Amino acid sequence: MLNPAIIESIADELLEAGRSRTPVPLLTARYPAMTVEDSYAVQRLWRQRSEDAGRRLVGRKIGLTSRAMQAATGITEPDYGAIFDDMVFESGCSVQWDRYTRPRVEVELAFVLKTDLAGPGCTIIDVLNATDYVVPALEILDSRIEMEGRTIVDTIADNAAMGAMVLGGNPVRPGAVDLRWVAAILYKNQTVEETGVAAGVLNHPAAGVHWLANKIAAHGEGMRAGDTILAGSFTRPLWVDPGDTIHADYGPLGSITCRFE
1 MLNPAIIESI ADELLEAGRS RTPVPLLTAR YPAMTVEDSY AVQRLWRQRS EDAGRRLVGR
61 KIGLTSRAMQ AATGITEPDY GAIFDDMVFE SGCSVQWDRY TRPRVEVELA FVLKTDLAGP
121 GCTIIDVLNA TDYVVPALEI LDSRIEMEGR TIVDTIADNA AMGAMVLGGN PVRPGAVDLR
181 WVAAILYKNQ TVEETGVAAG VLNHPAAGVH WLANKIAAHG EGMRAGDTIL AGSFTRPLWV
241 DPGDTIHADY GPLGSITCRF E
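The sequence shown runs 1 to 261 under this note's numbering.
So, in structure tokens, the structure goes:
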């Protein structure tokens, strides 16, 4: 484990990188012995300082759950990060492109909880029973650490690259549809760029949520009623530029649109 002073120094760097939009050099290049546990320690301190500054935790994101995302990043295990209230947008919004560092977009499902959810021993059935509704979502990825050569250690410390999310479409009860077969078509400027099916996320999008409940239980944490959980992308990340319009068509579950300005 890195010593606490280094953990604190890295968390401070990442807070400043978020403000300045200037990514910091790779952590793994500077701290070759840094572990996944070190990275989560950085993330927890970064999260605490964000909350101390007035940001409100409203959920969690799960990343790197699909083969498509693992192939795109070269990382082979899931990770997670925090979602704050100022990261949540609604379909039809305009997104300030330069608020993020080289943003990318992913297609996901979000689970909104009606009861608390915690591990250990949490199962998919527990997740479905605790879920109020499932709704289409786009995740906007951000990078406060250099991207070239990133490992999961860098990504976790960077709040799992969470930038923002856009919610929209038609909310559904978890038992109303077969969530494995929810599909989406992702357009950029009216051109189809990606397609995917939610089963690409660990064979069931709820699987990522129960993985998260069991993972954070080791740190004495759980998820709360009202939290929104991004379950993981079932398409590759799509680069976006100023002026791009993004449209995700989820069929019976509706659609999401946003524009980057």
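Glycine included, every Cβ here is placed at the ideal spot set by N, Cα and C. Every value quoted in this text rests on a predicted model; they were computed, and no experiment measured them.
DSSP three-state label for residue i, please.
i	result
P120	coil
P4	helix
Y80	strand
Y133	strand
A71	helix
K215	helix
L64	coil
L108	First, the amino acid is wrong: residue 108 is Glu here, not Leu. Looking at E108 - three-state DSSP - the assignment turns out to be strand.
Going by the beta-carbon positions, is the gap between residue i and residue j smaller than 8 Å?
i	j	result
A248	V107	yes
I256	F111	no
D79	A160	yes
H204	I124	yes
F234	S66	yes
L179	R60	no
L138	V105	yes
A231	V197	no
Would you grab the beta carbon distance between residue i and residue j for me? Rounded to a whole angstrom, and I think it's under 8 Å.
i	j	result
A157	Q43	6 Å
I185	L26	Contact flag wrong, Cβ pair sits at about 35 Å.
A41	I83	Contact doesn't hold; Cβ gap of about 19 Å is too wide.
D142	Y187	So it is not a contact: roughly 22 Å between Cβ atoms.
Review point. Contact between the region 212-220 and the region 112-123: three or more CB pairs below 8 Å?
Key: yes
Exercise for review: May I have a chain-ordered list of the beta strand (DSSP E) segments no shorter than 3 residues that lie completely inside the region 229-253?
Suggested key: 245-249
Exercise for review: Count the CB pairs spanning the region 152-172 and the region 86-96 that are closer than 8 Å, and state whether there are at least three.
Suggested key: yes
Review point. Is the region 172-184 touching the region 129-146, taking contact as three or more C-beta pairs under 8 Å?
Key: yes
Check your understanding: Along the chain, which unbroken stretches of the beta strand (DSSP E) at least 3 residues long are found entirely within the region 125-208?
Key -> 131-141, 162-167, 183-188, 191-197
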